[in-house]
Amino acid sequence: MRAFNPPDWSAARSELRNLLASAGWHPDATADAELALHELYINAWKHAGCQAPRVIVVLSPRTLRVSVGDDSPDLPEPRLPADPFAVSGRGLHLVRALTHRFGSTPTNTGKVTWFELDAAA
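104 is the number that the numbering used here gives to position 104 of the sequence shown; each next residue is one higher, with no gaps.
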(Lines of atoms letter the chains of each structure in order from A; the text may use other names.)
(Lines give C-alpha, C1' and ligand atoms only; values in the text may rest on other atoms or scores of the structure.)
Protein backbone atom coordinates (compact mmCIF):
# COMPACT_ATOMS: atom_id res chain seq x y z
CA MET A 1 0.00 0.00 0.00
CA ARG A 2 1.33 3.42 -0.97
CA ALA A 3 1.19 6.21 1.62
CA PHE A 4 0.16 9.65 0.48
CA ASN A 5 1.16 12.81 2.28
CA PRO A 6 -1.40 15.54 2.74
CA PRO A 7 -0.97 18.62 0.56
CA ASP A 8 0.93 21.57 1.98
CA TRP A 9 -1.51 24.06 3.43
CA SER A 10 1.12 26.41 4.87
CA ALA A 11 0.58 29.13 2.21
CA ALA A 12 -3.16 29.25 2.88
CA ARG A 13 -2.55 29.33 6.65
CA SER A 14 0.07 32.06 6.35
CA GLU A 15 -2.12 34.25 4.14
CA LEU A 16 -5.08 33.82 6.50
CA ARG A 17 -2.95 34.66 9.55
CA ASN A 18 -1.42 37.74 7.88
CA LEU A 19 -4.80 39.00 6.69
CA LEU A 20 -6.39 38.70 10.12
CA ALA A 21 -3.37 40.24 11.85
CA SER A 22 -3.43 43.23 9.51
CA ALA A 23 -7.16 43.64 10.17
CA GLY A 24 -6.55 43.64 13.93
CA TRP A 25 -8.28 40.35 14.75
CA HIS A 26 -7.59 38.86 18.16
CA PRO A 27 -4.99 36.06 18.14
CA ASP A 28 -7.54 33.60 19.63
CA ALA A 29 -9.96 34.23 16.73
CA THR A 30 -7.07 33.84 14.30
CA ALA A 31 -6.13 30.50 15.88
CA ASP A 32 -9.76 29.33 15.61
CA ALA A 33 -9.84 30.33 11.94
CA GLU A 34 -6.55 28.53 11.25
CA LEU A 35 -7.73 25.33 12.90
CA ALA A 36 -11.08 25.41 11.08
CA LEU A 37 -9.27 26.00 7.76
CA HIS A 38 -6.95 23.08 8.51
CA GLU A 39 -9.90 20.75 9.17
CA LEU A 40 -11.67 21.70 5.92
CA TYR A 41 -8.44 21.49 3.93
CA ILE A 42 -7.51 18.06 5.24
CA ASN A 43 -11.09 16.81 4.74
CA ALA A 44 -10.93 17.88 1.09
CA TRP A 45 -7.73 15.89 0.71
CA LYS A 46 -8.67 12.87 2.79
CA HIS A 47 -12.32 12.35 1.86
CA ALA A 48 -12.52 13.94 -1.60
CA GLY A 49 -9.09 12.87 -2.81
CA CYS A 50 -8.17 16.44 -3.74
CA GLN A 51 -4.40 17.00 -3.90
CA ALA A 52 -4.77 20.78 -4.18
CA PRO A 53 -7.91 22.04 -2.39
CA ARG A 54 -8.97 25.50 -3.54
CA VAL A 55 -9.09 28.07 -0.73
CA ILE A 56 -10.91 31.39 -0.94
CA VAL A 57 -10.76 33.86 1.94
CA VAL A 58 -13.08 36.87 2.05
CA LEU A 59 -12.86 39.41 4.86
CA SER A 60 -15.58 42.02 5.14
CA PRO A 61 -15.62 44.63 7.92
CA ARG A 62 -17.58 42.28 10.22
CA THR A 63 -17.15 38.72 8.90
CA LEU A 64 -14.48 36.32 7.75
CA ARG A 65 -15.59 33.67 5.25
CA VAL A 66 -13.24 30.85 4.30
CA SER A 67 -14.22 28.40 1.55
CA VAL A 68 -12.43 25.20 0.57
CA GLY A 69 -13.37 23.63 -2.76
CA ASP A 70 -12.81 20.14 -4.10
CA ASP A 71 -14.02 18.00 -7.00
CA SER A 72 -16.18 15.54 -5.04
CA PRO A 73 -19.96 15.96 -5.17
CA ASP A 74 -20.31 14.18 -1.79
CA LEU A 75 -21.31 16.67 0.87
CA PRO A 76 -19.60 16.25 4.25
CA GLU A 77 -21.62 14.95 7.16
CA PRO A 78 -20.51 15.04 10.79
CA ARG A 79 -20.27 11.62 12.38
CA LEU A 80 -22.94 11.31 15.03
CA PRO A 81 -22.18 10.83 17.77
CA ALA A 82 -18.53 11.75 17.64
CA ASP A 83 -16.46 8.95 19.17
CA PRO A 84 -14.14 10.60 21.72
CA PHE A 85 -11.67 7.71 21.38
CA ALA A 86 -11.50 7.59 17.56
CA VAL A 87 -8.41 8.96 15.83
CA SER A 88 -10.58 10.78 13.30
CA GLY A 89 -14.20 11.82 12.79
CA ARG A 90 -14.37 14.97 14.89
CA GLY A 91 -13.26 17.56 12.32
CA LEU A 92 -16.67 18.95 11.40
CA HIS A 93 -17.68 19.01 15.08
CA LEU A 94 -14.56 21.07 15.71
CA VAL A 95 -15.41 23.45 12.85
CA ARG A 96 -18.92 23.85 14.25
CA ALA A 97 -17.55 24.62 17.73
CA LEU A 98 -14.91 27.11 16.52
CA THR A 99 -16.98 29.11 14.04
CA HIS A 100 -20.26 31.00 13.95
CA ARG A 101 -21.59 29.30 10.82
CA PHE A 102 -20.47 26.55 8.47
CA GLY A 103 -21.90 24.54 5.63
CA SER A 104 -21.32 22.98 2.27
CA THR A 105 -22.62 24.00 -1.14
CA PRO A 106 -22.67 21.81 -4.27
CA THR A 107 -21.04 23.27 -7.37
CA ASN A 108 -20.92 22.20 -11.03
CA THR A 109 -17.54 20.59 -10.42
CA GLY A 110 -17.84 19.30 -6.84
CA LYS A 111 -18.51 21.27 -3.68
CA VAL A 112 -17.36 24.13 -1.51
CA THR A 113 -17.28 23.72 2.25
CA TRP A 114 -17.13 26.99 4.15
CA PHE A 115 -17.18 28.64 7.55
CA GLU A 116 -17.75 32.14 8.84
CA LEU A 117 -16.41 33.94 11.87
CA ASP A 118 -17.78 37.27 13.04
CA ALA A 119 -15.43 39.99 14.23
CA ALA A 120 -15.45 40.60 17.97
CA ALA A 121 -17.64 43.49 19.07
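Note that beta-carbon positions come from the ideal geometry of N, C-alpha and C, so glycine has one too. Owing to the predicted nature of the structure, the values given are computational and were not obtained by experimental measurement.
What does the alpha-carbon distance come out to for the pair R2 and D8?
Caution applies to R2, whose pLDDT of 42 falls short of 50 and renders its modelled position unreliable; the model cannot decide the point.
What's the C-alpha gap between V122 and P84?
Nothing in the structure corresponds to residue 122, since the chain is present only between 1 and 121.
Any idea if L75 is buried or exposed, counting beta-carbon neighbours within 10 angstroms, 16 or more meaning buried?
Residue burial annotation: L75 is exposed, with fewer than 16 other C-beta atoms found within 10 angstroms of its C-beta.
Is P106 helix, strand or coil when you go by DSSP?
strand
Quick check on this structure: which residue in A33, W25, L35 and I42 has the alpha carbon closest to the alpha carbon of R54?
Residue I42 is the option with its Cα nearest to R54.
Report the start-end ranges of each beta strand (DSSP E) in the stretch 18-92 that is 3 residues or longer and not cut off at the edges.
Within the stretch 18-92, the complete beta strand (DSSP E) runs of at least 3 residues are 54-59 and 63-70.
Give the straight-line distance between the Cα atoms of L92 and E39, rounded to the nearest whole angstrom.
7 Å
Tell me whether the beta-carbon of E116 lies closer than 8 Å to the beta-carbon of T63.
yes
Cβ-heavy atom distance, N43 to the ligand GTP, below 7 Å
With respect to small molecules bound, the structure shown includes none, and the ligand GTP cannot be examined in it.
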